[in-house]
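Peer 1: Let me give you the structure first, and then I'll get to my questions.
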Amino acid sequence: MARSKVLRRKVEDIDLSRAATLDALVAQMEAAGGFTAKKIADGVGILRTMFSRRACRTFLSFPAALMATGVRGVLRTLVERRLVDVVITTCGTADHDLARVWRPYYHGEFEMDDVMLHREGVNRLGNVLVPNESYGIILERKVQPMLQDLYDSGKRNVSTKELLWEFGRRAESQESLLWWAWKNEVPVYVPAPFDGSVGYQLWSFWQEHKDFRLDLFRDEQDLMDLVFTAKEAGALMIGGGVSKHHTIWWNQFRGGLDYAVYITTAPEWDGSLSGARVREGISWGKVKEDARQLTIEGDASAILPLMIGAAMAPRRRR
């Protein structure tokens, strides 16, 4: 490539006096040229395109841990404002979303006496503290009656999408992501539904109701229909694991994602799915060769509020 084509844009200094809004700050981060700041700004540009294009079916995938933090509010906003069309996540998302409707979580520290916490009935999730009464105990008390009510209404065979909508409806709280998913009919899929406290409640309920079934095949059929009827497909993927892979796996059958933004803290050199950059998905056909795609290395609890806040802001001329 010719030297003149490489040296096209000059690095510009960030002027904080002109960065009074998230949108303005991100615009200056883009002009600054390096390092993760520019990636964040470029990611905001891709998200704006996904959110604004009616032809684009937008997938949101994330693991449960963020729902234990205040970033739950950011994820909820994406569903509340219908900026995403499909959610793929883990069982723990239902755990934390529902538990926090009824009980609080608390601030903690990464470096704490875990033996002491265990003896005091307090669970540590990073630097978030979850007392026993705010998790398994309250979920058993609330979820079992929900399941019984669902069963008594005649519903004996449900998909995870239907089940989570029913949980959201019965939660009766606008603080709940699942409530907004039910209200706005945004499907939420959990490919591994037994890997968490709500999953345990399902198993426990099944012990006395052996004709109660969770139909995962219906979820997969739904996903197939969503993928094959999409004129364009985009994904905001936060963290790896089953939620990320299920998103890119299904989209390979339509020729790959047209847009993709992935936020991860995992390294690439260990060959893990979580560490795999979006570009690797091109080789599998999970992302299109000409897709607008980007991987941002960093903590989503810091990056995501900035990106979504800027992506939702009205555009201003520079």
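Oh and the sequence shown: position 206 is 691 in our numbering, straight run, nothing missing. Backbone N, C-alpha and C fix where the C-beta goes; we use that ideal spot for every residue, glycine too.
#1: Nearest CA to the CA of Ser516: which residue from Asp498, Arg503, Gly530 and Ser502?
#2: Taking the alpha-carbon of Lys695 as reference, which of Gly756, Ala718 and Gln633 has the nearest alpha-carbon?
#3: Report the start-end ranges of each alpha helix (DSSP H) in the region 588-637 that is 4 residues or longer and not cut off at the edges.
#4: How is Ala656 classed by DSSP in three states: helix, strand or coil?
#5: Compare the Cα-Cα distances from Ala720 to each of Asn669, Lys773 and Pro676 and report the closest residue.
#6: In the DSSP assignment, find the unbroken beta strand (DSSP E) run with Lys773 in it and report its ends.
#7: Give me the DSSP bridge partner(s) of Gly719.
#8: Whole angstroms is fine: what's the gap from Ile573's alpha carbon to Asp707's?
#9: Report back the beta-carbon spacing between Ala666 and Gly653 to the nearest angstrom; my notes put them in contact at under 8 Å.
#10: Within 10 angstroms of its Cβ, does His731 collect 16 or more other Cβ (buried), or is it exposed?
#11: Counting only the same chain and skipping the five closest in sequence on each side, list residues whose C-beta sits under 6 Å from that of Arg542.
#12: Residues in its own chain within less than 6 Å of Leu635 by CB, not counting five upstream and five downstream?
#13: What would DSSP say about Arg803, mapped onto helix, strand or coil?
#14: Given a cut-off of 7 Å, decide if Pro616 and Val628 are closer than it, judged by their beta-carbon atoms.
#15: Return the bridge partner residues of Arg698 from the DSSP annotation.
#16: Smallest Cα separation from Trp691: which of Val643, Val671, Asp743 and Arg703?
#17: Which residue or residues does DSSP assign as beta-bridge partners of Tyr674?
#18: Compute the Euclidean distance between the alpha carbons of Ile623 and Gly684, then round it to the nearest angstrom.
#19: For the candidate residues Ala798, Ala796, Asp784 and Met797, whose alpha-carbon lies nearest to that of Asp556?
#20: Please identify the residue among Asp527, Gly726 and Lys646 whose C-alpha is closest to the C-alpha of Asp700.
#21: Quick check: the Cα distance between Glu753 and Arg762, rounded to an integer number of angstroms?
#22: Kindly indicate which three-state DSSP category Thr562 falls into: helix, strand or coil?
#23: Roughly how many angstroms lie between the CA atoms of Ser733 and Gly530, to the nearest whole one?
#24: For Pro676, which residues of its own chain have a beta-carbon under 6 Å away from its beta-carbon, when the five flanking residues on both sides are left out?
#25: Does the count of Cβ pairs from the region 549-563 and the region 775-783 closer than 8 Å reach three?
#26: Can you look up Thr749 in the DSSP assignment and give me helix, strand or coil?
Peer 2: Reading off the structure:
#1: Reading off the sequence shown, one finds Ala at residue 516, where the question assumed Ser. Comparing Cα positions, the closest option is Asp498.
#2: Gln633
#3: 599-604 and 621-637
#4: helix
#5: Lys773
#6: Val772 to Glu782
#7: Thr543 and Tyr744
#8: 12 Å
#9: 6 Å
#10: buried
#11: Asp570, Ala715 and Ala718
#12: Glu651
#13: Confidence at Arg803 is low in this model, with a pLDDT of 39, below 50, so its placement is unreliable and no value can be given for it.
#14: no
#15: Asn642
#16: Val643
#17: Ile573
#18: 14 Å
#19: In the sequence as displayed, the identity of residue 556 is Val instead of Asp. The shortest Cα separation from Val556 among Ala798, Ala796, Asp784 and Met797 belongs to Asp784.
#20: Lys646
#21: 7 Å
#22: helix
#23: According to the sequence as given, residue 733 is Ile; it is not Ser. So the alpha carbons of these two residues sit roughly 21 Å apart.
#24: Val727 and His731
#25: no
#26: strand
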